[in-house]
Amino acid sequence: MLSLKRAAAAMRDADVGYALAGGFAAYAHGAAVSTHDVDFVVRPQDVGAALGALVDAGMPHLESPENWLEKATDGEHVIDLIHTPSGRPVDAALLGRTHEMPVGAVFMPVLHATDLVIMRLLAFTETACDFSGFLHVCRALREQVDWRRVAAETADSPYAHAFLTLLARLNVIEGGDP
């Protein structure tokens, strides 16, 4: 949690637009605490400034082969700066839907629960479609999510469709076709 707070403070102090994403954003919305790396979203044009802020705060850049994020480290913790999740560039509209929320007693912008679910569902692929962990997250966030918007924005993904069908069959969300 300390690395999360240090990274958020560094970007805030550098006046970089960002939002907490991933497991820690789900935690901020009421899911179980994350044990994974720390994910932030930033606009593609702000990646350099965000990475610079982290480096200036003592978090070295970690080379990454992926072209949709940059990484920094804080000791043994990895900080991901995601700018193009699932081929969809982060934009002002996404950042505009964030909520200022306390995370470890520090207020920071956190992705809206609906955007968090959309982002995760679009990341499922043929080789990465283990739904088990995300089922628990969706149970915790279900009342905060606009499920119609999720279904509309993920309609082209067969993995998202399967996941939403599973949620409906488990009565996590309203029944029927997602």
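So the sequence shown is numbered by this note's numbering: it starts at 16 and just counts up by one. Quick reminder that beta carbons are idealized off the backbone N, C-alpha and C, glycines included. Fair warning: this is a prediction, and the values are worked out from it, not measured in the lab.
At which residue ranges does the stretch 17-78 contain complete alpha helix (DSSP H) runs of 4 or more residues, listed in the order of the chain?
Runs found: 17-28, 37-43 and 62-71.
Measuring only the C-alpha atoms, how far is V121 from H44?
Going by the C-alpha atoms only, they are around 14 Å apart.
Can the beta-carbon of T129 be found less than 8 Å from the beta-carbon of R184?
no
Take the Cβ of G38 as the centre, count every other Cβ of all protein chains shown within 10 Å, and call the residue buried at 16 or more, exposed below.
buried
Under the rule that 16 or more other beta-carbon atoms within 10 Å means buried, what is A170, buried or exposed?
exposed
Cβ-Cβ distance between A87 and V31 below 8 Å
no
Do you know how far the Cα of M26 is from the Cα of F139?
Their backbone Cα atoms lie some 29 Å apart in a straight line.
Among T99, A72, L179 and L150, which residue has its Cα nearest to the Cα of D54?
T99
Tell me the rounded alpha-carbon separation between T113 and P59.
Each residue's Cα considered, the two are about 17 Å apart.
So what does DSSP say about I122, is it helix, strand or coil?
Just to set this straight, residue 122 is Phe in the shown sequence, not Ile. F122 falls in the strand class under three-state DSSP.
Terminal residues of the continuous alpha helix (DSSP H) containing H92?
Counting along the chain, H92 falls outside any alpha helix (DSSP H), though it belongs to the beta strand (DSSP E) covering H92 to I97.
Return the chain-ordered list of same chain residues with a C-beta closer than 7 Å to the C-beta of A40, the five sequence neighbours on each side being excluded.
So the qualifying residues of the chain are V125, L126 and L131.
Starting from D89, trace the beta strand (DSSP E) in both directions and tell me its first and last residue.
L84 to D89
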